[in-house]
Every structure is written in C-alpha cells, then in structure tokens.
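2 protein chains.
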Amino acid sequence: MKNFIGDLNKAFESRVRLGMMSILMVNDYVDFGTLKEQLQITDGNLASHIAALEKLAYIEVRKQFIGKKPNTSYAATKQGKQAFAGHLDALEKLIKQSI
Amino acid sequence: MKNFIGDLNKAFESRVRLGMMSILMVNDYVDFGTLKEQLQITDGNLASHIAALEKLAYIEVRKQFIGKKPNTSYAATKQGKQAFAGHLDALEKLIKQSI
DNA sequence: TTATTAACTTTGAAATTCAAAGTACTTTTT
DNA sequence: AAAAAGTACTTTGAATTTCAAAGTTAATAA
Chain A
479 MKNFIGDLNK
489 AFESRVRLGM
499 MSILMVNDYV
509 DFGTLKEQLQ
519 ITDGNLASHI
529 AALEKLAYIE
539 VRKQFIGKKP
549 NTSYAATKQG
559 KQAFAGHLDA
569 LEKLIKQSI
Chain B
479 MKNFIGDLNK
489 AFESRVRLGM
499 MSILMVNDYV
509 DFGTLKEQLQ
519 ITDGNLASHI
529 AALEKLAYIE
539 VRKQFIGKKP
549 NTSYAATKQG
559 KQAFAGHLDA
569 LEKLIKQSI
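Protein chains in written order, with my numbering: chain A, 479 to 577; chain B, 479 to 577.
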C-alpha cells in the first residue's frame, strides 16, 4: 500500500486548472473566450486561474488582433506540459492502485 | 475537444480525500493511525476529512477494542466506492484526452 | 455619441484547509 | 496512587483558495 499523493501537483488540484491544462495539452493557443466557454466559469474567475498558472510559468500568453478585435490566447509551456504530465502520472498510479 | 471536468466529484478534489479513498478502495477497514501515517497529516485534519466523507456516506466507521486499546477503523461504503470509481473514470478520460 | 465587446482587475464574501490546543477516556509507568 | 502517555477525536481560529460581481480600459460598431 503505497502512497502517491505526495507526487500530486498542488497547482492542478483545482478542477478548473485541471481542465485548462487538459485543454492546453492538446491545443496550441486557446483563446480566453474559448476557455471560458469550455470551463463554464466567469471571466474574473478564469483570469485568476490563468494568473496562477502564468505565475508558475506553466502557461504563456499571446496577445494579438484578429481583424480588429483583440484576442488573447494561452498555451502550455514546456515546463507546464512536463509538470502536468507528472501530475497525470501520479493520478494514474493512484487510479491503478485503487482498482 | 470535450470537457470532462463536470464529471469530477467535488468531494475528491482534495488530495487528502483522494488518498484516503484510494487506500480504502483496496483495504477493508483501515484504522485512524494507519491513515494518519499514510497521509502524513495531523489527527485533527484527518478527523475533519473523515467527517466530510462520512457525512456523504462514502465511508463508514467501526469502533472496537484491540486488546485494551481503542481502535477506530474506516471502510469505503458501496456508494463511496461507486462515487470514487466515477471520479476516477472522469480523471481517466481527462488523462486520455490530454495525451 | 452611446453602446458593445474583450479581457481583464479589484473587491469582498464564502468555502476550504489546516495546525494547534484542548478534551475524554483509558492504560501504562513510576 | 499519581503522573504520563495513547487514541481519537472536537474546537478554535487563521491562512489559503475559490468565486462572482462590479468596475476598468481600450478599442470598435451603431
């Protein structure tokens, strides 16, 4: 009976950030509006989760204009992907030992 | 790009409760001291997480004496195992779509 | 010029998590 | 017999986290 919870990354404990990273693992540059829609949260809430992941350098921001509209997009950094993969690893181990 | 975070169970967002349930999925009746040692938390903290899961009827309590020492043990209920399995399912989907 | 849109920031409240200390009851040690 | 220790808590309060709502900025559209 081993204990894997020590390998879980605190940054990904929240379901919102779990969802965000999951989306950003397979999509390069997803914009604010899309994230908001996918995660079904208010923009203030999303902005603060983004800030948390950005502070850890797990995601990066790209600001541009599409046509004449401002568009902010987010992508997982290499570090972010690595960290998230590690978290998923820990989750998988936990799942396996739970079966 | 589907979104699976809606299927995650809020009761299992905390790593402590995640760890507890993971232990109780494969071990029938684990006692307070063992859980405390495995999870590396204070007894007050453990007690409150236990209370949370008990309130949801995800775990049940058995109080007995072993020799002359009081011994309190916990087991996952059927509902608890079901709920946890559902949570792990959601996590697995999230993991799969993140690869 | 007023309204709208995008992407925030700020504020504050609610919820969560946690450690520390206290408690009750018993057993062990001195 | 008295003091110390163990088990399993409960209570308290503080720190952290999460969240929604409202306000902000800057640009565009009506």
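The C-beta atom is built at its ideal place from N, Cα and C for all residues, glycine as well.
Computed from a predicted model, the values in this text were never measured in an experiment.
*In chain order, what residues of the same chain lie with their CB nearer than 7 Å to the CB of Met503(A), ignoring the 5 residues before and after it?*
Ala554, Lys559 and Phe562
*Take every Cβ of the segment 505 to 524 of chain A, pair it with every Cβ of the segment 542 to 551 of chain A, and state whether three or more of those distances are shorter than 8 Å.*
yes
*Are Leu572(B) and Leu486(B) close, meaning C-beta to C-beta below 9 Å?*
yes
*Could you check which residue in Asn505(B), Glu532(B) and Leu531(B) has the C-alpha nearest to that of Gln575(A)?*
Asn505(B)
_As assigned by DSSP and simplified to three states, the class of Ser551(B)_ = strand
_Where Ser500(A) falls, given that 16 or more other Cβ within 10 Å makes a residue buried_ = buried
*Could I get the ranges of all uninterrupted alpha helix (DSSP H) runs contained in the segment 496 to 533 of chain B, with 4 residues as the minimum, in chain order?*
510 to 517 and 521 to 533
*Is the shortest distance between the beta-carbon of Leu534(B) and the beta-carbons of chain A less than 9 Å?*
no
*When DSSP labels each residue in this structure, what does Glu491(A) get in the three-state scheme?*
coil
_Nearest-angstrom Cα separation, counted from Ile528(B) out to Gly522(B)_ = 10 Å
_So if I threshold CB-CB distances at 9 Å, which residues from the segment 535 to 564 of chain A count as touching chain B?_
Phe562 and Ala563
*So what's Ile577(B) in DSSP terms, helix, strand or just coil?*
coil
_Can you pull out the residues from the segment 498 to 511 of chain B whose beta carbon lies closer than 8 Å to at least one beta carbon of chain A?_
Met499, Ser500, Ile501, Met503, Val504 and Asn505
*Tell me, please, whether the CB atom of Ser526(B) is closer than 9 Å to any CB atom in chain A?*
no
*Can you round the beta-carbon distance between Ile483(B) and Arg493(A) to whole angstroms, since I take them to be within the 8 Å contact cut?*
5 Å
_Taking the alpha carbon of Gln557(A) as the reference point, which residue from Leu531(A), Leu517(A) and Ile519(A) has its own alpha carbon closest?_
Leu531(A)
*Since Ile537(A) sits in a beta bridge, which residues does DSSP pair it with?*
Ala554(A)
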